[in-house]
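**Q**
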Amino acid sequence: NAGVTQTPKFRVLKTGQSMTLLCAQDMNHEYMYWYRQDPGMGLRLIHYSVGEGTTAKGEVPDGYNVSRLKKQNFLLGLESAAPSQTSVYFCASSYEVKLTYNEQFFGPGTRLTVL
Amino acid sequence: GNSVTQMEGPVTLSEEAFLTINCTYTATGYPSLFWYVQYPGEGLQLLLKATKADDKGSNKGFEATYRKETTSFHLEKGSVQVSDSAVYFCALSKNTGFQKLVFGTGTRLLVSP
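Printed below as a string of structure tokens:
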């Protein structure tokens, strides 16, 4: 099993350009998440999905859109990139939570720089 | 709201030294608590967890005890190795409804030979 994979690994954009980050998981997880990691701020949730065809906003959703057309994929889009979106983006997935804990499995990250 | 506070790093230790990374939390109810570790160039991976008060999570020589009375979940290891150099994140998740993880800011650990 590959687990959670992310493409691309690195990307440099100019302000105003658009791009899509792809996350794929092969663990048949129901839930998927997009986080951004910035120095001194830990991980912050951008958007998440509780199943195919569903999406919801997290803490910092502005400037991003997401789609979950297939259960195994979760796409994060930037329509018009801004320098404030320079960050490392992590995708994660987990089983539908009916137990008392929530282990999330993370991808290796995408480092995005917006000039 | 729920929040997690971690000690600022970096924490710099020599090999075989004792490690403590402090973590305290604020939450309604009784959350589950986690430590995640991020090795250089990689994503986060779960290191250990505790789901109720007085539980002790342990893995790879690391331990943390869920202390409800002090709202703490400090990470400890008796003898660190160079390979433990990483960023450690404390996190919590409530146990009802949709369980979003709330992360602390992370603590970088640097272990020298």
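In order, the protein sequence lines correspond to chains G and F.
Take 36 as the starting number for the first sequence in this note's numbering and just add one per residue.
Take 338 as the starting number for the second sequence in this note's numbering and just add one per residue.
Note that CB positions come from ideal geometry on N, CA and C, so glycine has one too.
Quick caveat: nothing in here was measured; it's all calculated off a predicted structure.
1) Is there a C-beta anywhere in chain F that falls below 8 Å from the one on MET76 (chain G)?
2) Can the beta-carbon of LEU447 (chain F) be found closer than 8 Å to that of SER422 (chain F)?
3) What are the uninterrupted segments assigned as beta strand (DSSP E) that are 3 or more residues long and contained completely in the segment 376 to 410 of chain F, given in chain order?
4) Taking one C-beta from the segment 439 to 446 of chain F and one from the segment 411 to 425 of chain F each time, how about it: are there three or more such pairs within less than 8 Å?
5) Comparing C-alpha positions only, which one of F:GLU379, F:LEU412, F:SER416 and F:SER409 sits nearest to CYS126 (chain G)?
6) Can you list, in chain order, the residues of its chain whose CB lies under 7 Å from that of GLY51 (chain G), leaving out five sequence neighbours each side?
7) Whole-angstrom Cβ separation of TYR66 (chain G) and SER84 (chain G), contact assumed at under 8 Å?
8) Leaving out five residues on either side along the sequence, give the residues of the same chain with a beta carbon under 6 Å from the beta carbon of SER340 (chain F).
9) I want to verify the contact list: residues of chain F whose CB lies under 9 Å from the CB of GLU138 (chain G), in sequence order.
10) So with CB distances below 8 Å, who are the chain F contacts of PRO143 (chain G)?
11) Could you give the first and the last residue of the continuous beta strand (DSSP E) run that contains ASN63 (chain G)?
12) Closer than 9 Å between beta carbons: that is the criterion. Which residues of the segment 110 to 125 of chain G meet it against chain F?
13) Give the secondary structure of ASP421 (chain F) by DSSP, where H, G and I count as helix, E and B as strand, and everything else as coil.
**A** To lay it out plainly:
1) Within the first sequence, residue 76 (chain G) is the residue found at index 41, counting from 1. It does; some Cβ of chain F falls within 8 Å.
2) Locating residue 447 (chain F) in the second sequence gives position 110, where the first residue counts as 1. Locating residue 422 (chain F) in the second sequence gives position 85, where the first residue counts as 1. Cβ atoms of LEU447 (chain F) and SER422 (chain F): closer than 8 Å.
3) 381 to 387, 393 to 396 and 399 to 402
4) yes
5) In the first sequence, counting from the first residue as 1, residue 126 (chain G) sits at position 91. Nearest C-alpha to CYS126 (chain G): F:GLU379.
6) On the first sequence, residue 51 (chain G) is found 16 positions in, with the first residue counted as 1. Cβ within range, chain order: SER115 and ALA116.
7) Along the first sequence, read from residue 1 onward, the residue named residue 66 (chain G) stands at position 31. Along the first sequence, read from residue 1 onward, the residue named residue 84 (chain G) stands at position 49. About 7 Å separates the two Cβ atoms, so the contact holds.
8) The sequence position of residue 340 (chain F) within the second sequence is 3, counting from 1. Contacts found: THR363.
9) Here residue 138 (chain G) corresponds to residue number 103 of the first sequence, with the count starting at 1. What GLU138 (chain G) touches in chain F: PHE371, LEU383 and LYS386.
10) Along the first sequence, read from residue 1 onward, the residue named residue 143 (chain G) stands at position 108. Within chain F, the residues near PRO143 (chain G) are GLY378, GLU379 and GLY380.
11) For this step, residue 63 (chain G) is matched to residue 28 along the first sequence. That residue, ASN63 (chain G), is in no beta strand (DSSP E); it is neither H nor E in DSSP.
12) PHE125
13) For the purposes of this step, residue 421 (chain F) is identified with residue 84 of the second sequence, where counting begins at 1. Residue state, collapsed to three classes: helix.
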